[in-house]
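Data first, discussion second: the structure below is written as structure tokens.
Numbering (our numbering), first residue to last: 4 to 77.
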């Protein structure tokens with residue numbers, strides 16, 4: 004069950020799509036302001052039909068500073 008900020012209501016993953024997530028573990032960070040949930044995904048997770056919503060590489064290709072390569076300020 005997730006909270007939808009746009010709809011301001013709870014919704015259950017898979018109720019309409021059949022694409023479900025089986026929770027394997029839940030962890031909090033050291034100050035309890037971030038939750039990491041590991042799941043076994045069945046079907047797509049993203050509304051686009053992709054397996055994940057986090058598949059875009061945000062690092063700039065070919066920019067050594069973006070990767071924290073040796074000799075950079077990163």
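Ideal Cβ placement from N, Cα and C applies to all residues, glycine included.
Take the alpha-carbon of residue 29 and the one of residue 39: they are about 6 Å apart. For residue 21, same chain residues with a beta-carbon under 7 Å away, outside a window of 5 residues either side, are 46 in chain order. Per DSSP, residue 30 is one residue of the beta strand (DSSP E) stretching across 23–31. When secondary structure is reduced to three states using DSSP, residue 44 falls in the strand class. Under the DSSP assignment, residue 20 falls outside any beta strand (DSSP E); it carries neither an H nor an E label. A straight line joining the alpha-carbon of residue 50 with that of residue 27 spans about 22 Å. The three-state secondary structure of residue 9, taken from DSSP, is coil.
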